[in-house]
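Engineer: One structure follows; several queries about it will come next.
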Amino acid sequence: MITVAGLTPSLDLTYSVDSLRLGEIHRVPEVVRCAGGKALNMARAAATVGAATTVVAILGGATGRALSELLRVEGLSVVTVESAAETRICVSVASADTGRLTEVYQEAAPIPTEVWGAFRSSLQQALPHAGGWLSISGRAPLGSVAMIADLVRLGRDRDVAVAVDTHSEALPEALSAGPALVKINRYEAADLLGLPADSDLRAMAGAIRARSGATVVLTDGVAGSVAVDGTVALHAEAPARVGRYPVGSGDSFLGGLLAALDEGHELRVALRNATACGVANALVPGQGHFTAESFAEIAATVQIRDLT
């Protein structure tokens, strides 16, 4: 069972254009609307590959109601915590001629004290008394850096393994709270350690493991990823399939990773599945909307190399 903390959901809009021309009007045949934010993207990907998931999400205003309807149609299990603050909107524009994505993300509003209390209580009720995973993804809301570390401690108090995918000022305190798994990217790792961005990925993963005691997985875009735990160090080579829609690939990666670990698979299998989810996500618009068939096809091609 994977319980997902949805602190900063968003309504994600993806526009596909032939060419992005600044200052000009663009007309598109359709807009892909997605109940997004890192937590929802992660949960959708995990559910696609067979995991049982429950999301506890803060939603507010007309945008929050639109997200609730999208989630209902998708069939994701969601516990809603209502807020007076309007749920944010994030926009991505995919340009066919360059293959590049332009992203405009609204900041998540601060979480009022009473909403935080209701969210924390709802999350505690949703967690099993032991076993399973609590996934905490995304940047901390404005003025709420300590909340992520508090949720790590909440999961540990319930004897649930906690996975963290955050960055910036919230990450050091989250690591100190003792998560079981940390999944961040190369640049977030370098920022945490105060190192150049082109530092050795394996060495950075080892340094973060020494600091946190957690299993550490560092992603590196199309270059693949590195994972280390107390037994092995692994490198996953991403298949040579680069999609136009990379938004949500890191979240889908985490969904595949936790789905496999929750089923009791070893880290090698989990890393393979995570890589396949990340690649599959980038091939279609809409975060985490790949199919189980696409995932299985790609997973069969992923190469895992032992670095131990």
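Per the working numbering, the sequence shown runs over residues 12 to 319. The beta carbon of each residue, even a glycine, is placed where N, CA and C say it ideally should be. Given the structure is predicted, the values throughout are model-derived calculations rather than measurements.
Beta carbon of G5, beta carbon of G266: below 9 angstroms?
Structural biologist: Any answer about residue 5 is impossible in this case: the structure gives the chain only from 12 up to 319.
Engineer: According to DSSP, is Y198 helix, strand or coil?
Structural biologist: Stepping through the sequence shown from its first residue, residue 198 is reached at position 187. In the structure shown, Y198 sits in a helix (DSSP, three-state: H, G or I).
Engineer: Extract the residue ranges of the beta strand (DSSP E) inside the segment 66-106, only unbroken runs of 3 or more that lie entirely within it.
Structural biologist: 89-94 and 99-106, all fully within the segment 66-106.
Engineer: Can you have a look at H37 and say buried or exposed, based on whether 16 or more other CB atoms are within 10 angstroms of its CB?
Structural biologist: Position 26 of the sequence shown, counted from the start, is the residue given in the question as residue 37. With fewer than 16 other Cβ atoms within 10 Å, it is exposed.
Engineer: I need the boundaries of the alpha helix (DSSP H) containing R131, first residue and last residue.
Structural biologist: Numbered from its first residue, the sequence shown carries residue 131 at position 120. It spans T124 to A137 - the alpha helix (DSSP H) in which R131 sits, taken as one unbroken run.
Engineer: Hey, how far is the Cα of D262 from the Cα of E35?
Structural biologist: For the purposes of this step, residue 262 is taken as residue 251 along the sequence shown, with counting starting at 1. For the purposes of this step, residue 35 is taken as residue 24 along the sequence shown, with counting starting at 1. Answer to the nearest angstrom: the Cα atoms are 32 angstroms apart.
Engineer: When DSSP builds the beta bridges, which residues end up paired with S260?
Structural biologist: Position 249 of the sequence shown holds residue 260. Its beta-bridge partners do not exist; DSSP assigns none.
Engineer: Helix, strand or coil for V156? Go by DSSP, reduced to three states.
Structural biologist: Within the sequence shown, the letter at position 145 stands for residue 156. In the structure shown, V156 sits in a helix (DSSP, three-state: H, G or I).
Engineer: Can you pull the DSSP bridge partners for Q298?
Structural biologist: Residue 298 sits at position 287 when you count from the first residue of the sequence shown. Answer by DSSP bridge pairing: none, since Q298 is not bridged.
Engineer: Is the distance from the Cβ of R99 to the Cβ of T74 below 9 angstroms?
Structural biologist: As a working mapping, residue 99 is identified with position 88 in the sequence shown. As a working mapping, residue 74 is identified with position 63 in the sequence shown. In contact: R99 and T74 (Cβ atoms closer than 9 angstroms).
Engineer: Name the DSSP bridge partner or partners of D176?
Structural biologist: Within the sequence shown, the letter at position 165 stands for residue 176. In the DSSP output, where bridge partners are listed per residue, D176 has S148.
Engineer: Could you tell me if A185 is buried or exposed, where buried requires 16 or more neighbouring beta carbons within 10 angstroms of its beta carbon?
Structural biologist: Position 174 of the sequence shown, counted from the first residue, corresponds to residue 185. A185 is buried by the Cβ-count criterion.
Engineer: According to DSSP, is I36 helix, strand or coil?
Structural biologist: By one-based count along the sequence shown, residue 36 stands at place 25. Looking at I36 - three-state DSSP - the assignment turns out to be coil, as it is neither helix nor strand.
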